[in-house]
Amino acid sequence: MDTPKSILQQAMALKTDLVKWRETLHRHPELGLDTPWTQRFVADRLTEMGYTPKKVGAAGYTALVGKPGGKVLLLRADMDALPLDEVSGEPFSSECPGRMHACGHDMHTAMLLGAAKLLKDNESLLEGQVKLMFQSGEEIGEGARDMVEHGVLEDPHVDAAEMIHVAAGAPFPSGLVLIPQGGTGASASCRFRMVVTGKGGHGAMPANCIDPITAICHIHCGIEEIFAREAELCDFLAISVGTIHAGDAHNIIPNTAEMSGTIRTMSLEKMAWAQKRLTEIAQGIGGAYRTQVEVIYEKLLPPLIADTETADCVGKYMQELLGPGAMRVPSSTKGGGSEDFAHVSVKVPSVPMFLAAGNSKEGYEHPAHHPAVRFDENALPIGAAAHTYMAIRWLQEHK
Ligand SMILES: [Zn+2]
Ligand SMILES: [Zn+2]
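Using our numbering, read the sequence shown as starting at 220 and increasing by one per residue.
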């Protein structure tokens, strides 16, 4: 049997279902980890296909297909939407005001459901097991961590993992699959909040007060200057202050001043270093101005890492399946974006891929997270086939 051709043909034959699932999901976007309707939709479809879906963590599902005892490949889709009012003009637009599938996670869920069907139909070709991972809370950076903490990578143990993210408004023909080289793609990120506490009082009597505004201004300068002198030139580090708030009246020195910002690095080691120095700088400078400084770090997201060996394998399989419809990304694109599949990628060899789903020449000019973004549904069967074929081939070559 010509497996690549057969899988592609089966995926094309599934297009009506893929489109129906995607548009149904698109009408019912849900946010964060609060995705009960979407979870039920996914679990019901999986059950209809003969799976036994299992709830993992607060808002995720897994399902298994294949032969137990061999290696296990995890395929992941995210299911959550964004807090936006949709203005795409699509006939199947969001029926929930203030919520929209603007990142294409409805496409991802439909594609993985399609792969679930194809994998079930071709189960005899699987020389190991495929674990399907449907997660919520990607946009808030919590869903994958929650599922990892609740054991999604164990029982059975996962040996490698893969995900596909659709891209709209990208300069590629729709349907092109992009496979990274090995290395770090999206950076690690972490939010920080800082509270500088002084002693408030009358603006006419500053000597009776300890002014937290003076202190926080110097801390801000210190962050900008000291990191500029200490960070290695070739090692990406971004620290940006996004908010500074203090005071309510022009003639009152406030008790506290607050700052928040974000740190982006390419490794968890560098992140730990940046956090340590940020706290030292803030407390050192704040101390000089007689204030107390507390720095809180939250929402730590690891870097998104593509495993070189797995990415090379997947590059080969996608070539077999799609020929010129698959392309290696020349070098791993470094940037400050984030993807919570990172929590998986730092635990098992992983490959995050992109699937072009409409560019501006084809009438899809808006990028993801835009309230008018549209995605090309012709990409759906390609995504489903890519998941399926990769699973068949990876398990064949990793017994
Ligand atoms: Zn997004
Ligand atoms: Zn996304």
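Every residue, glycine too, gets a C-beta built ideally from N, C-alpha and C.
Asked	Found
Tell me whether D297 counts as near ligand 2, meaning its Cβ is closer than 7 Å to at least one heavy atom of that ligand.	yes
Candidates P431, K566, P600 and G534: which alpha carbon is nearest K234's?	P600
Is H203 near ligand 1, judged by its Cβ being under 7 Å from some heavy atom?	Absent from the structure is residue 203, since the part of the chain shown begins at 220 and ends at 618.
Using the Cα positions of M572 and M478, report the straight-line distance between them to the nearest angstrom.	36 Å
From what residue to what residue does the beta strand (DSSP E) around H437 run?	That residue, H437, is in no beta strand (DSSP E); its alpha helix (DSSP H) goes P431 to E449.
Would you list the residues whose beta-carbon is nearer than 7 Å to any heavy atom of ligand 4, in the order they occur in the chain?	No copy of ligand 4 occurs in the structure displayed; its ligands are ligand 1 and ligand 2 alone.
Looking at the structure shown, is R259 part of a helix, part of a strand, or coil, going by DSSP?	helix
Run the CB neighbour count on G542, radius 10 Å, all protein chains shown included, and call it buried at 16 or more, exposed below.	exposed
Can you tell me the Cα-Cα spacing of E567 and A545, whole angstroms?	Correcting the residue type first, residue 567 is Val in the shown sequence and not Glu. Cα-Cα distance, rounded: 24 Å.
Check for me: the beta strand (DSSP E) holding C409 runs from which residue to which?	A407 to T416
In three-state terms, what does DSSP make of V533?	helix
Pull up the CB-CB distance for T484 and F455, whole angstroms please, since I reckon it's below 8 Å.	7 Å
Does the beta-carbon of T254 have 16 or more other beta-carbons within 10 angstroms, so that it is buried, or is it exposed?	buried
Suppose only complete runs of 3+ residues qualify. What are the beta strand (DSSP E) ranges in the region 261–294, listed by chain order?	273–275 and 279–285
Residues in the same chain with beta-carbon distance under 6 Å from V415, minus the five sequence neighbours each way, listed in chain order, please.	P431, A434, I435, A476, G505, T510 and V512
Using the Cα positions of D263 and I500, report the straight-line distance between them to the nearest angstrom.	53 Å
Below 8 Å, can you find three or more Cβ-Cβ pairs linking the region 275–282 to the region 348–356?	yes
Could one say the Cβ of A300 lies closer than 8 Å to chain C's Cβ atoms, at least one of them?	Included in the structure is just one protein chain, with no chain C present.
How should Q228 be labelled, buried or exposed, when 16 other C-beta atoms within 10 angstroms of its C-beta is the threshold for buried?	exposed
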